[in-house]
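Read top to bottom, the protein sequences are chains A and B. Anchor point for the first sequence: position 218 equals 218 in the numbering used here, and the numbering is continuous, going up by one each time. Anchor point for the second sequence: position 14 equals 14 in the numbering used here, and the numbering is continuous, going up by one each time. So the structure is just underneath, and the comments pick up after that.
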Amino acid sequence: MSRATSRRVGRTAGGALLLLLAGLLVLAVLLSLAVGSRQIAPGDVVDALLHGGAGDDAQVVRSLRAPRTLIGVMVGVALAVAGTVMQGITRNPIAEPGILGVSQGASVGVVCAIAFLGVHSLSGYVWFAFAGAGIAAVAVHVIAAGGRGGATPVKLALAGTAMNALLASVVSGIVTTDARALDEFRFWHVGSISGRSVEIAGQTWPFLLAGLLLVAAVARGLDALALGEDVARGLGHNVPLLRILGGLGATVLTGVAVAAAGPIAFTGLAVPHIARALMGTDHRWVLPAAALLGPVMILVADVLGRVVFPPSEVPVAVMTALLGVPFLIALVRRKGTVAA
Amino acid sequence: MTIRPSGFSVLRAGRGSFLLHRRAALVATVLGAALAVTAVVYLCVGESFVSPTEVVRVLAGRPSPDEFVVGTLRMPRLVVGLLAGAAFGLAGAFIQTVARNPLASPDVIGVTHGAGAATVAAMTFGVTAHTALPYVAILGGTAAAALVYVFAWRRGLHATRFVLIGIGISVALGSLTQLFVTKGDYLVAQQAKVWLTGSLNGRGYDHAVPLAVISLVLMPALFWAARAQRTVSFDDDTATALGVRLGRVRLCLIVLGVVLASVATGATGPVDFVALLAPQIARRLTRTAQIPLVGSALTGALIMAVADLLARKLFSPIELPVGVFTAAVGAPYLMWLIVRTRSRSGGAA
Numbered sequence: 001m002s003r004a005t006s007r008r009v010g011r012t013a014g015g016a017l018l019l020l021l022a023g024l025l026v027l028a029v030l031l032s033l034a035v036g037s038r039q040i041a042p043g044d045v046v047d048a049l050l051h052g053g054a055g056d057d058a059q060v061v062r063s064l065r066a067p068r069t070l071i072g073v074m075v076g077v078a079l080a081v082a083g084t085v086m087q088g089i090t091r092n093p094i095a096e097p098g099i100l101g102v103s104q105g106a107s108v109g110v111v112c113a114i115a116f117l118g119v120h121s122l123s124g125y126v127w128f129a130f131a132g133a134g135i136a137a138v139a140v141h142v143i144a145a146g147g148r149g150g151a152t153p154v155k156l157a158l159a160g161t162a163m164n165a166l167l168a169s170v171v172s173g174i175v176t177t178d179a180r181a182l183d184e185f186r187f188w189h190v191g192s193i194s195g196r197s198v199e200i201a202g203q204t205w206p207f208l209l210a211g212l213l214l215v216a217a218v219a220r221g222l223d224a225l226a227l228g229e230d231v232a233r234g235l236g237h238n239v240p241l242l243r244i245l246g247g248l249g250a251t252v253l254t255g256v257a258v259a260a261a262g263p264i265a266f267t268g269l270a271v272p273h274i275a276r277a278l279m280g281t282d283h284r285w286v287l288p289a290a291a292l293l294g295p296v297m298i299l300v301a302d303v304l305g306r307v308v309f310p311p312s313e314v315p316v317a318v319m320t321a322l323l324g325v326p327f328l329i330a331l332v333r334r335k336g337t338v339a340a
Numbered sequence: 001m002t003i004r005p006s007g008f009s010v011l012r013a014g015r016g017s018f019l020l021h022r023r024a025a026l027v028a029t030v031l032g033a034a035l036a037v038t039a040v041v042y043l044c045v046g047e048s049f050v051s052p053t054e055v056v057r058v059l060a061g062r063p064s065p066d067e068f069v070v071g072t073l074r075m076p077r078l079v080v081g082l083l084a085g086a087a088f089g090l091a092g093a094f095i096q097t098v099a100r101n102p103l104a105s106p107d108v109i110g111v112t113h114g115a116g117a118a119t120v121a122a123m124t125f126g127v128t129a130h131t132a133l134p135y136v137a138i139l140g141g142t143a144a145a146a147l148v149y150v151f152a153w154r155r156g157l158h159a160t161r162f163v164l165i166g167i168g169i170s171v172a173l174g175s176l177t178q179l180f181v182t183k184g185d186y187l188v189a190q191q192a193k194v195w196l197t198g199s200l201n202g203r204g205y206d207h208a209v210p211l212a213v214i215s216l217v218l219m220p221a222l223f224w225a226a227r228a229q230r231t232v233s234f235d236d237d238t239a240t241a242l243g244v245r246l247g248r249v250r251l252c253l254i255v256l257g258v259v260l261a262s263v264a265t266g267a268t269g270p271v272d273f274v275a276l277l278a279p280q281i282a283r284r285l286t287r288t289a290q291i292p293l294v295g296s297a298l299t300g301a302l303i304m305a306v307a308d309l310l311a312r313k314l315f316s317p318i319e320l321p322v323g324v325f326t327a328a329v330g331a332p333y334l335m336w337l338i339v340r341t342r343s344r345s346g347g348a349a
């Protein structure tokens, strides 16, 4: 990011790394299916998934943990890819849906839809999530880019913090005055993937796919943009179009994640940096790596949240923040992130 | 020959003398009057209306049929709000003076979240006495500030790094608070949640007492700070040439600000943005080069009282937490500051 040098990974090494990450994801999925207030042996998990079975364990795995894990995977993919694209198009190492207030914007969209327009189905309010996320993203960027010096990391983070505070106050204002909205909204007020039904996954996957396709279309452009706007223009890329398409993709992905699980911060921050450390700067390698690592982070955080204070569960958003903040601190302390 | 800066009057009493900024004094008087009017309105308005004459009777200590509503229900809440608002305003004034940057307010650099996390943790582990919690809050706020300071230190303190780390630590402490809420039993969780919204609802004199005691204890320090603040607002070279120990004075001012913000948070919960807004408004009113302390305290108290009045009345019978209103006003102001930031003042951008 801050280093303009291009570093890429070889084809075989990259393939091997992706395979390794895929293995990690499979492990995380098994962990998420097996660990909880009722411990289930991995053999039984596989058995329950493949052959069904009527025992209590099989019931728990298929009706409770499988949907939760599936949604965790989708949310992880969406957030990690959205974070990678945001860091790419803003050329800013701490850009992330949570910090920039985009997730909170999607929340406000959903709360307004529930409270004022009487929209109660996920396929209905996912559009409001997109609209809210889009408006918040544009507003934060405009605020941060105003004034002297353009959109520096600190101005983006501060504008995001202000946006988060403002939107949170709007949400709590609506929720305190409208009891019905509170009841429905409570479910994903704090980002969590527990208690979601399979239907949510069924309703959101087309949007997830659309977002991923948009991002895939701009992957090469992001590489050029990493070298600077002028270089990207010189290489024949249409920079404004690139930013609009990429921003649209990131917005759709954030909206999907929020509609399915509520606002979850820091996955979109940490994962892209890990992916870049592994894969180099080529977005055609970084994006798949991020898409594999994102679900790993969400599932591991979720499993940790289940085991710290049994029998209560800590929402996954709380755990990702605790895992992600040390990462932010390390990034900020690193040379070059904060220009003097 | 005496040199008198324009806009100042010299007050002399025996051997002591004091430079009085005339406009600042005028502003303080006007703010005080506004505060008195707001306080009376605050005590009149509510679920039942009490006439101002009765309110004044109660305040004067004479028997009145409305003694319960005004004296027992509304008065303690107002007192806590005013004290906490003044403490937030002063805290913001100190920290913004040292940082020479309006963005470095106690909310942004993690103090309020630290106090919040410590208080909820204490509640989870069974400490619920109103006499103990303020000190826990001070501990938490100071620890958070120290943590931010340590992480932001890297061959010198850079304002940008300081703010970014502060935001990160704030988020982490917020998550930690959630974690404690999850761990605690149902009753504690309920209590903690109410406290965490930043509300004055149900605050009594038992909340006001520690706040008042700590403010009294800090009084001598505040008088020292009023003098020290003037020396810190010079540029570094001038201050050093005048023989000021800059590092020590700055540290003391920051500690004072952190303690004040933590105590206020302990009493009311995290009410965002009062510490950011109050000093900035006060300085624009007095038009002084440095942030006026008395003005900041009065403005903070006024913001708190007005915001709580609105929070009680605007959507009645439903009461909103006061923090909702301060955030609704403060967050756009922060955005405006970001748009207007000049990079010369301490390198904010």
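Just so it is clear, CB atoms sit at the ideal spot from N, CA and C, and this is done for glycine as well.
Along the chain, where does the alpha helix (DSSP H) that runs through residue i open and close?
i, result
"Val85 (chain A)", "66 to 90"
"Asp223 (chain A)", "198 to 226"
"Ser48 (chain B)", "Where Ser48 (chain B) is concerned, there is no enclosing alpha helix (DSSP H), given that its DSSP letter is neither H nor E."
"Val312 (chain B)", "The residue asked about is misnamed: residue 312 (chain B) is Arg in this sequence, not Val. 293 to 313 is the span of the alpha helix (DSSP H), which, as asked, contains Arg312 (chain B)."
"Gln96 (chain B)", "75 to 99"
"Gln59 (chain A)", "56 to 59"
"Ala144 (chain B)", "133 to 152"
"Pro240 (chain A)", "239 to 261"
"Thr112 (chain B)", "111 to 124"
Between which residues of its own chain and residue i is the CB-CB distance below 6 Å, once the five residues before and five after are set aside?
i, result
"Leu334 (chain B)", "none"
"Gly89 (chain B)", "Ala278, Ser296, Ala297, Thr299, Gly300"
"Val79 (chain B)", "Ala208"
"Ala34 (chain A)", "Ile40, Pro42, Val45"
"Ser95 (chain A)", "Note on residue identity: the sequence assigns Ala, not Ser, to residue 95 (chain A). Excluding sequence neighbours, Ala95 (chain A) sits near Met86, Gln87."
Measure from the alpha carbon of residue i to the alpha carbon of each residue in the options, then state which is nearest.
i, options, result
"Gly262 (chain A)", "A:Ile200, A:Gly280, A:Met163", "A:Ile200"
"Ala113 (chain A)", "A:Val138, A:Ala13, A:Val102, A:Ala259", "A:Ala259"
"Gly266 (chain B)", "B:Leu276, B:Ile303, B:Ile318, B:Leu200", "B:Leu200"
"Gly280 (chain A)", "A:His237, A:Asp223, A:Ile99", "A:Asp223"
"Asp185 (chain B)", "B:Gly257, B:Leu173, B:Gly126", "B:Gly126"
"Ile338 (chain B)", "A:Ala217, A:Gly150, A:Gln59, A:Ser172", "A:Gly150"
"Leu253 (chain A)", "A:Gly55, A:Phe116, A:Gly132, A:Ala48", "A:Gly132"
"Thr97 (chain B)", "B:Leu218, B:Glu47, B:Gly110, B:Ala225", "B:Ala225"
"Asp206 (chain B)", "B:Thr268, B:Phe162, B:Thr238, B:Arg12", "B:Thr268"
"Ile281 (chain B)", "B:Leu302, B:Pro270, B:Ser262", "B:Leu302"
"Gly36 (chain A)", "A:Leu212, A:Val61, A:Leu293", "A:Val61"
"Gly174 (chain B)", "A:Pro326, A:Leu25, A:Val318", "A:Val318"
"Ala143 (chain B)", "B:Thr38, B:Met123, B:Gly116", "B:Gly116"
DSSP three-state call for residue i: helix, strand or coil?
i, result
"Leu21 (chain A)", "helix"
"Leu20 (chain B)", "strand"
"Gly98 (chain A)", "coil"
"Arg340 (chain B)", "helix"
"Ser123 (chain A)", "helix"
"Gly280 (chain A)", "strand"
"Ser9 (chain B)", "strand"
"Leu242 (chain B)", "coil"
"Ala136 (chain A)", "helix"
"Pro153 (chain A)", "helix"
"Ala129 (chain B)", "coil"
What does residue i reach in chain C if we use C-beta pairs closer than 9 Å?
i, result
"Val102 (chain A)", "Absent from the structure is chain C; the protein chains it does hold are A and B."
What does the Cβ neighbour count give for residue i, buried or exposed, with the cut at 16 atoms within 10 Å?
i, result
"Arg344 (chain B)", "The predicted model places Arg344 (chain B) with a pLDDT of 40, which falls under 50 and marks its position as unreliable; any figure quoted below should be read in that light. Burial call: exposed."
"Leu251 (chain B)", "exposed"
"Leu209 (chain A)", "exposed"
"Met299 (chain A)", "In the sequence on display, residue 299 (chain A) carries Leu and not Met. Buried: at least 16 other Cβ atoms inside 10 Å."
"Asp66 (chain B)", "buried"
"Ile165 (chain B)", "buried"
"Ala22 (chain A)", "exposed"
"Ile274 (chain A)", "buried"
"Arg3 (chain A)", "For Arg3 (chain A), the pLDDT reaches just 46, beneath the cut-off of 50, and the residue's location in the model is therefore unreliable, although a value from the coordinates is still provided. Exposed: under 16 other Cβ atoms inside 10 Å."
Excluding sequence positions up to five away, which residues of its chain have a Cβ less than 7 Å from the Cβ of residue i?
i, result
"Ala212 (chain B)", "Leu83"
"Arg77 (chain B)", "Leu200, Arg203"
"Leu139 (chain B)", "Ala118"
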